[in-house]
Every structure is written in structure tokens, then in C-alpha cells.
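To keep things clear, I will list the structure first and then write my remarks on it.
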Amino acid sequence: MRYTLMFRLGFCTALLALGLGGCVTMPPDEIEQKTGQSGNTPLDNQATHATLVRQMQDKGMWYASLAHIDALEKRWGVSDDSRLLRAQALRHTDQLDEAATLYRQLTTGSQRAAGWHGLGLVAGAQGRYADAVRDFERARQVNPTDGLLLSDLGFAYIMDDRSDDARLPIMQAMQLLPEHPKVSSNMALFLLVQNKPEEAARLMNERRLPPATRQAIERLARSMGHGTAVLLPESPPAQAPQAQASAARAPSWQPPETTATASPALPPGPEREALVLRASLQLSRVLDQPLPAAAPANTGRAGAPSTP
Numbered sequence: 076m077r078y079t080l081m082f083r084l085g086f087c088t089a090l091l092a093l094g095l096g097g098c099v100t101m102p103p104d105e106i107e108q109k110t111g112q113s114g115n116t117p118l119d120n121q122a123t124h125a126t127l128v129r130q131m132q133d134k135g136m137w138y139a140s141l142a143h144i145d146a147l148e149k150r151w152g153v154s155d156d157s158r159l160l161r162a163q164a165l166r167h168t169d170q171l172d173e174a175a176t177l178y179r180q181l182t183t184g185s186q187r188a189a190g191w192h193g194l195g196l197v198a199g200a201q202g203r204y205a206d207a208v209r210d211f212e213r214a215r216q217v218n219p220t221d222g223l224l225l226s227d228l229g230f231a232y233i234m235d236d237r238s239d240d241a242r243l244p245i246m247q248a249m250q251l252l253p254e255h256p257k258v259s260s261n262m263a264l265f266l267l268v269q270n271k272p273e274e275a276a277r278l279m280n281e282r283r284l285p286p287a288t289r290q291a292i293e294r295l296a297r298s299m300g301h302g303t304a305v306l307l308p309e310s311p312p313a314q315a316p317q318a319q320a321s322a323a324r325a326p327s328w329q330p331p332e333t334t335a336t337a338s339p340a341l342p343p344g345p346e347r348e349a350l351v352l353r354a355s356l357q358l359s360r361v362l363d364q365p366l367p368a369a370a371p372a373n374t375g376r377a378g379a380p381s382t383p
């Protein structure tokens, strides 16, 4: 009797994890009807296991996700979805050649847009921005409304010294995903290389980009030879409600009459390329960090600081 009760309590816990309440009074046949199988645990379902892997990757747990992908494929076999999960984990653990092999396999299957997108990301991580543009464009032919893909395409154009070509995909990404920090970051970089530093600073203030991201964007722009006329602040300044209203009514920034600060001198040839690549990789690593959790609802405590 004692062991039967312990088993029942443990099974109730598994059901609660699946969002199935009422275990204490639920008869066994009704339990089977709700779970689909008697005695199923959450990871005995392929879709649920894949969801767990995606949640790990969303949290930056790339190495742990690889272990679970091994288990998933061992039990249910290899699929395009599992190849994509593995390729993403390999890319984020600096196993670029292995990742590229899987991404290339995906370009002829059900995940061909993700395959081309991934190949472009690998090319960008290796500093091959012309190849990245080519692969991203192939992905766009398959999935033209993917905001993150369009943002990556715009970034690759910028890094390939084709900032004018970056305008269309960058603007499309901003309208498709206006609140996404990666899209906002690439838009800020685009504004800097277009010699619009005040607009870039305003955008980063409005989107409340963290200091590390702002510094990485500024460093990358400078490594490409784009000086800024104003110093980008590390955090958005606080504004009174009246000042915020005035800023909202203010017209778009126009280039000042005075000459902008001269761009810094850059080393020639390979040294410049190495400098730009290092700055690009730093920005990529910053943007690849897991997104911060949403701020909790206001509990009404007096004096509690607001989350930026």
C-alpha cells in the first residue's frame, strides 16, 4: 500500500508538469485518456522532448542540448528538425564545419530556408560576408517574411561594404520585428555606417539596449572606419514626462551644419580585416546571449526600481 501511494504521488507530479490537474481523484482510465498512454513521462513524447531541447537552446544551454539531441535521435531517429537543432548547437559551440555539413543537408529538405540561413551564419562567423549574403538571399527566396533572416542579411551587406544594399532588408526587419533587440542592434549599426550617430543613439535609447550591446555596436562601427559625431551613452538618460512628450513630437534628426568628427585611421589590408572580424564576432556573441526574462508585474512596493 505504501509503495502504491508513493508511485501515485510521483505520477501526479509528472501530470502536473504536463498541466493536467485533478490527479488525486482521477480514476486510472481517465488518466490514460488524458495522457494518451498509461504511465507516460513527459520525455516519452517526441514533440515534448524536442520542445525541451529548444527551451535549453533559448537559455543558452547549447552543450546540454547536444546531449538531449543524442537521446532524442537515438529513440526516434534522425529528422530534419533534429538536424536543425543539432546544427544550431554545433554552431554555438564553435563547431562550425560540422554545423555547415548539417545545414547543407537541410537545404534540400523540409527545412531548406533554415539550412541556407544557417550556412550564411557560419559564413559570417568565418568572416566570409559575401558568401553570407549569397546564402541569406537564397534563404529569403524560400522565406521572404522571416524578420531575423532579413536582419542578418542586412548585417551581412553592411559587413561586405554594401551598406546601401542593406537598407531594404534592415527596414523590412524593423517593421516585422520592431521590438527584437537583435534587429534593433543591426538597425543602429546601419545608422552609424550611414553617418547618422544621433539617430542611432536615439534608437538605442528607445529600445533600451544594454551597455554591452551598445559598446559592441559602437566598436564595430569604429573598426569599419565610421567615426561618430556624438558619443553614444551607455544607458538611456531618464526623462521627465514633459521631456518625453517633447521628444516624441520632435522631427527626425537632420545632419548638423558642422562637420562630423573625422573617422579614425585604420590599419591597412589584412590587419583591418582582422580588426573588423574580431569586432563583428564580439557583437555576435553579445547578441546571441539569451534574451532577458520579462520584467515582473508591478507589485506596488514603494521605491522599487523599475527594470530598464
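Here this note's numbering is used: the first residue of the sequence shown is 76, the next is one more, and so on.
The beta carbon of each residue, even a glycine, is placed where N, CA and C say it ideally should be.
Since this is a predicted model, take the numbers as computed values, not measurements.
Using a Cβ-Cβ cut-off of 6 Å (strictly less than) and excluding sequence neighbours within five positions of residue i, which residues of its own chain qualify?
i       : result
Gln-186 : Asp-155 and Leu-159
Gly-184 : Asp-155
Gln-121 : Trp-151
Arg-294 : Ala-354
Pro-244 : Leu-225, Leu-228 and Gly-229
Thr-182 : Gly-190 and Trp-191
Met-131 : Ala-139 and Ser-140
Check residue i in the structure and name its three-state DSSP category.
i       : result
Met-246 : helix
Lys-134 : coil
Asp-155 : helix
Lys-271 : coil
Gly-222 : helix
Asn-280 : helix
Leu-252 : coil
Gln-186 : coil
Gly-193 : helix
Gly-229 : helix
Pro-380 : Only weak support exists for where Pro-380 lies, its pLDDT of 33 falling under 50; the value from the coordinates is given anyway. DSSP places Pro-380 in coil when its eight states are reduced to three.
Asp-239 : helix
Arg-203 : coil
Pro-285 : coil
Thr-176 : helix
Asn-120 : coil
Thr-126 : helix
Gln-364 : coil
Gln-170 : coil
Asn-115 : Any reading at Asn-115 must be qualified, since the residue scores a pLDDT of 45, below 50, and its modelled position is unreliable; no value is offered.
Met-234 : helix
His-143 : helix
Met-299 : coil
Take residue i and list the residues in its own chain whose beta-carbon comes closer than 8 Å to its own, dropping the five residues that flank it on each side.
i       : result
Tyr-138 : Ala-164 and Thr-168
Gln-201 : Leu-171
Arg-179 : Gly-190 and Leu-194
Pro-256 : Arg-282, Leu-284, Thr-288, Leu-362 and Leu-366
Gly-199 : Ala-207, Asp-227, Phe-230, Ala-231, Met-234, Ser-355 and Ser-359
Residues in its own chain within less than 7 Å of residue i by CB, not counting five upstream and five downstream?
i       : result
Leu-278 : Ser-259, Met-262, Ala-263 and Leu-266
Val-268 : Ile-233, Ser-238, Ala-296, Met-299 and His-301
Ile-144 : Val-128, Ser-157, Leu-160, Arg-161 and Ala-164
Ala-214 : Ala-188, Trp-191, His-192, Gly-195 and Leu-224
Glu-173 : Leu-165
Ala-323 : Residue confidence for Ala-323 is low, a pLDDT of 44 falling below 50, so the modelled location carries little weight; the figure read from the coordinates is stated next. Counting only Cβ-Cβ distances below 7 Å, and skipping sequence neighbours, we find nothing.
Val-197 : Arg-166, Leu-171, Ala-174, Ala-175 and Tyr-178
Thr-220 : Leu-251
Does the distance from the CB of residue i to the CB of residue j come in under 8 Å?
i       : j       : result
Gly-384 : Phe-211 : Given a span of 76 to 383 for the chain in the structure shown, any question on residue 384 remains unanswerable.
Ala-241 : Ala-207 : no
Gly-222 : Leu-252 : yes
Ala-275 : Asp-235 : no
Ile-292 : Leu-356 : no
Measure how close the beta-carbons of residue i and residue j come, nearest whole angstrom, since I'm counting them as under 8 Å.
i       : j       : result
Ala-248 : Leu-284 : With 8 Å as the limit, Ala-248 and Leu-284 do not qualify as a contact, their Cβ atoms being about 16 Å apart.
Ala-188 : Asn-218 : 4 Å
Met-299 : Val-351 : 6 Å
His-124 : Leu-141 : No, His-124 and Leu-141 are not in contact; Cβ-Cβ is about 14 Å, not under 8 Å.
Given 7 Å as the limit, tell me if residue i has its C-beta closer than that to any heavy atom belonging to the ligand HEM.
i       : result
Gln-180 : The ligand HEM is not among the ligands present in this structure, which contains no ligands whatsoever.
Check the Cβ-Cβ distances between residue i and every residue of chain D, and say whether any is below 8 Å.
i       : result
Gln-269 : Of the protein chains in the structure, only one exists, and it is not chain D.
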